[in-house]
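One structure is given here, and the rest of the page talks about it.
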Amino acid sequence: MHRHPLRLGLTGGIGSGKSTVGQMLAARGAALLDADAISRSLTATGGAAMPLIRERFGSEVIDADGSLNRAAMRALVFQHADARHQLEAIIHPLVGSTTEAHAQAAIAAGAPLLVFDIPLLVESPRWPARLDQIVVVDCATETQIARVMQRSGLERSAVEAIIATQATRSQRRAAADWVIYNDGITLDQLRDHAHQIADFFQL
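Quick note on numbering: the sequence shown equals residues 17 to 219 in this note's numbering.
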């Protein structure tokens, strides 16, 4: 008898290590559906979101190759709160429909578990209802800031501004079925936590 694979949501604040956990679950056989990667593809050269973004925001936020100029868009969003909502109104439905198409392809290919890596899962009115369980990767805010500054070269104030747009740690933990506390542990210890989840789902 055919059984649909469970849909596991994976989320965490910027710099939490969420994407690393996603890769660890994928290595155990889960189908990883990365909302950030899908979003980037939609705003790359020829991406489905680009005509709508150009129509709404103009050529000032478009690079010469036709992709989204992220620095210009980030500056616009921080200056005008409504610009963020307008951008999300374009991007989020496309991410949702594209992610679901990828999920259906993974199901058809026999994936045993679908892992939806979604940065703004808790903030979304749509995603929680589509998922069977939720994993939250958590760490101290100072750890987030240090990791992102080192990784991305952003100023502290820029990282703090990004964190301020996301759900709080307590809001994420309240939505979680599983919490991985990724602070002060080694990569091998993080992998052990990911493998415990994989074992639970019989990967």
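C-beta atoms are modelled at their ideal positions from N, C-alpha and C, and glycine is treated no differently. Treat the numbers as computed from the prediction; the structure is a model and nothing was measured.
May I ask you to report which of helix, strand or coil DSSP gives Ile-54? helix
Measuring straight from C-alpha to C-alpha, what distance separates Ser-140 and Pro-67? 24 Å
Let me check one thing: in DSSP terms, what residues is Val-175 bridge-paired to? According to DSSP, which records beta bridges pairwise, Val-175 is partnered with nothing at all.
Return yes when the Cβ of Gly-28 is within less than 7 Å of the Cβ of Val-152, no when it is not. yes
To the nearest angstrom, report how far apart Trp-194 and Gly-38 are at their CA atoms. 14 Å
Applying the 10 Å Cβ sphere with the 16-neighbour rule, what's the burial state of Asp-204? exposed
Looking only at its chain, what residues have a beta carbon closer than 6 Å to the beta carbon of Glu-158, apart from the 5 residues adjacent to it on each side? none
Using DSSP's beta-bridge definition, name the partner residues of Leu-136. Per DSSP, none; premise fails for Leu-136.
Compare the beta carbon distance of Pro-65 and Ile-107 with 7 Å and say whether it is the shorter of the two. Before going on, a small fix: residue 65 reads as Ala here, not Pro. Against a cut-off of 7 Å, the Cβ pair of Ile-107 and Ala-65 comes out as a contact.
Secondary structure at Asp-81, three-state DSSP: helix, strand or coil? coil
Would you mind giving the Cβ-Cβ distance between Leu-58 and Thr-114, rounded to the nearest angstrom? I have them listed as a contact below 8 Å. 7 Å
What do you get for Phe-73, buried or exposed, if any count of 16 or more other CB atoms within 10 angstroms of its CB means buried? buried
Start-to-end residues for the beta strand (DSSP E) that takes in Asp-208: Careful: Asp-208 lies outside any beta strand (DSSP E), inside the alpha helix (DSSP H) at 203-216.
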